[in-house]
Structure formats: structure tokens, C-alpha cells
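> Converting from the sequence shown to the working numbering requires adding 18 to each position, the first position being numbered 1. Mind looking over this structure? Questions follow.
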Amino acid sequence: MINKLIIMCLFIGCGSDPHIKRSVIIVGEAEIAFVWIPNGSFIMGSNDSMALDNEKPVHEITLDGFWMSETPVTNVQFAAFINESGHTTTAEVAPNLEEIMSQLPPGTTPPPKEMLVPGSLTFIYRPIPANPNSDIKWWKWSNNSDWRHPYGEDSSIEGMDNHPVVQISWFDALAFSKWAVMSLPTEAQWEYAAKKGEVTNRREM
């Protein structure tokens, strides 16, 4: 599970007055600021050599205006969700052996039981050049790494209240959005907001 940042898209409760550019919503103990993204059209996707197949071809998309969180969801905001809901994140659950084996070729040797512990992928800091397009050279599995221990079991988020929450799966992000009565942005909404309608090169985002 690779780190995810949660970006929220508000679909109720704030109205759609285009004259309001910023709004702050209180959800439980969490305070979340939103900015208004006006309607418009942009070129979505990429024909860049690094683009994935599902990013091609480039095409024009038109969107209605929408609200998007001003920043990724922070540790303190996510903690408010956890404290109120009791949610257990994906990284805090031990991998399921049957599920793992179902995704591997028949005859694959099962991983040893000592490897089936909760955890997540963490970034490898390399002092030497490596292939930036190879995920396996930049990430490693870290036992007991989760949103409270983002860099491994000996790390913590102490003093990082306003840092983006990481070690979050799509399922965790979806659970947060439902708790907050909001939605995750669509891919088109996220790309439009990230590009500001201006760039088409994925490296510029």
C-alpha cells in the first residue's frame, strides 16, 4: 500500500455562491478549509512518454464548479475521524494470506508467516542515482508502519499535527469522506485543480 494523501471535495452544506472563494467547515473536532474551483474546461490526460496507458489520449473535459479542500487532510483532522469513528486503517490489519495467494501465479511459494504482519510501504532515501520509473527501487515494506508511524514502527507523528496524513488507503480515504459527509474528488476534478487549467505535461503538476 503506497502512501496516499486525502483531498476532499465538498458536495453539500456549503452552497455554490461563486462570490464565496473560501469556506471553513467544522466536522466533529476537525476544521477543514475549502476553496471554490470555478467551472471551466481543460485538457485532461497526457501523451508524455512517462504517461500510463489509462492517461492517454489527451482530451478536453468540461466541469461545473466545485469546492475542494485547501490542503490534503492533516494528521490532526484524520485523528478526529479515528477518535469518533473507531476506524481501523488498512495498514493496521495483517495481510490476508488467501487474498495474497489468489493474486499470484499458481504454484507460488507462500510468504513466511512472520511476514504477514500489519505494515505498509515506506520511501527509500537513496544517495545514489536510481531509475525514477521503477517503484521497487524507491519503496520498501516496513512492518507496523501506519498513519501513526509513517516511516516505520519506530517513527511517530508527534509534532506533525498539520502535516498531511499518509499511509492511507483508498478505503480509508473513502471512510473519512463519508464521516465528513463529503466526497473524494473525481480524477478529472483533481487534475483540473492541480493544473489550474494551464498545463498538459504531467511533470508540471
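Even glycine gets a Cβ: it sits at the ideal position worked out from N, Cα and C.
1) With respect to the alpha helix (DSSP H) encompassing Val-53, which residues constitute its N-terminal and C-terminal limits?
2) Let's test the definition: count the other Cβ atoms within 10 Å of the Cβ of Arg-166 and tell me whether it reaches 16, buried, or not, exposed.
3) Note down the Cα distance separating Phe-84 from Phe-60, rounded to an integer number of angstroms.
4) Between Pro-124 and the rest of its own chain, which residues show a CB-CB distance below 6 Å, the 5 nearest in sequence each way excluded?
5) Tell me the DSSP bridge mates of Lys-158?
6) What are the residues that DSSP puts in a beta bridge with Leu-81?
7) Excluding five sequence neighbours on each side, which residues of the same chain lie with their C-beta closer than 8 Å to the C-beta of Trp-157?
8) Within the present structure, is the beta-carbon of Phe-141 separated from the nearest heavy atom of the ligand MG by less than 8 Å?
9) Taking DSSP as the reference, what is the three-state secondary structure of Val-94?
10) Just how far apart, CA to CA, sit Val-76 and Glu-132?
11) Which one of Thr-204, Asn-101 and Ile-175 has the shortest CA to CA distance from Gly-46?
12) Of all Cβ atoms in chain C, is any one closer than 9 Å to the Cβ of Ile-50?
13) Looking only at its own chain, which residues have a Cβ that is under 8 Å from the Cβ of Gln-207, when we skip the five neighbours before and after it?
14) Are the beta-carbon atoms belonging to Ile-186 and Ala-109 less than 9 Å from one another?
15) Measure the alpha-carbon distance for Pro-203 versus Gln-95 and round it to whole angstroms.
16) Would you kindly check if the distance between the Cβ of Asn-57 and the Cβ of Ile-175 is under 9 Å?
17) Using 9 Å as the threshold, is the C-beta distance between Ile-118 and Pro-129 below it?
18) Please list the terminal residues of the continuous beta strand (DSSP E) segment that includes Ser-41.
19) Using the Cβ count rule (16 or more neighbours within 10 Å means buried), how would you classify Met-200?
20) Buried or exposed, going by whether 16 or more other CB atoms sit within 10 Å of the CB of Ile-44?
21) Using beta-carbon positions only, say whether Ser-120 and Ala-193 come within less than 9 Å of one another.
Looking at the atomic coordinates:
1) Translated into positions along the sequence shown, residue 53 becomes position 35. Counting along the chain, Val-53 falls outside any alpha helix (DSSP H), though it belongs to the beta strand (DSSP E) covering 48-55.
2) Mapped onto the sequence shown, residue 166 falls at position 148. The residue is buried, with at least 16 neighbouring Cβ atoms inside 10 Å.
3) The count along the sequence shown starts at 1 and reaches residue 84 at position 66. The count along the sequence shown starts at 1 and reaches residue 60 at position 42. Approximately 15 Å between the Cα atoms of the pair.
4) For the purposes of this step, residue 124 is taken as the residue at position 106 of the sequence shown. Excluding positions up to five away in sequence, the list is empty.
5) For the purposes of this step, residue 158 is taken as residue 140 along the sequence shown, with counting starting at 1. For Lys-158, which the question treats as bridged, DSSP gives the partners Thr-140.
6) If you number the sequence shown from 1, residue 81 lands on position 63. Partner(s): Gly-58.
7) Indexing the sequence shown from 1 puts residue 157 at position 139. Ile-20, Leu-139, Thr-140, Phe-141 and Ile-142.
8) As for the ligand MG, it is missing from this structure, which has no ligand bound.
9) Here residue 94 corresponds to residue number 76 of the sequence shown, with the count starting at 1. If DSSP states are grouped into helix, strand and coil, Val-94 belongs with the helices.
10) Position 58 of the sequence shown holds residue 76. Position 114 of the sequence shown holds residue 132. Each residue's alpha carbon lies about 45 Å from the other.
11) On the sequence shown, residue 46 is found 28 positions in, with the first residue counted as 1. Among Thr-204, Asn-101 and Ile-175, the Cα nearest to that of Gly-46 belongs to Asn-101.
12) In the structure shown, chain C cannot be found, because there is only a single protein chain.
13) Taking the sequence shown and counting its residues from 1, the one referred to as residue 207 is at position 189. Correct list, in chain order: Cys-27, Ile-55, Leu-81, Phe-84 and Met-86.
14) In the sequence shown, the residue the question calls residue 186 occupies position 168. In the sequence shown, the residue the question calls residue 109 occupies position 91. Cβ atoms of Ile-186 and Ala-109: closer than 9 Å.
15) Translated into the one-based positions of the sequence shown, residue 203 becomes position 185. Translated into the one-based positions of the sequence shown, residue 95 becomes position 77. Answer to the nearest angstrom: the Cα atoms are 18 Å apart.
16) Numbered from its first residue, the sequence shown carries residue 175 at position 157. Numbered from its first residue, the sequence shown carries residue 57 at position 39. Not a contact, by the Cβ cut-off of 9 Å.
17) Your numbering for residue 118 matches position 100 in the sequence shown. Your numbering for residue 129 matches position 111 in the sequence shown. Yes.
18) Looking up residue 41 in the sequence shown gives position 23. Taken as a continuous stretch (DSSP letters only), the beta strand (DSSP E) holding Ser-41 covers 40-45.
19) Looking up residue 200 in the sequence shown gives position 182. So Met-200 counts as buried.
20) By 1-based counting over the sequence shown, the position of residue 44 is 26. Exposed, because fewer than 16 other Cβ atoms sit within 10 Å of the Cβ of Ile-44.
21) Position 102 of the sequence shown, counted from the first residue, corresponds to residue 120. Position 175 of the sequence shown, counted from the first residue, corresponds to residue 193. In this structure, Ala-193 does not lie closer than 9 Å to Ser-120 by Cβ.
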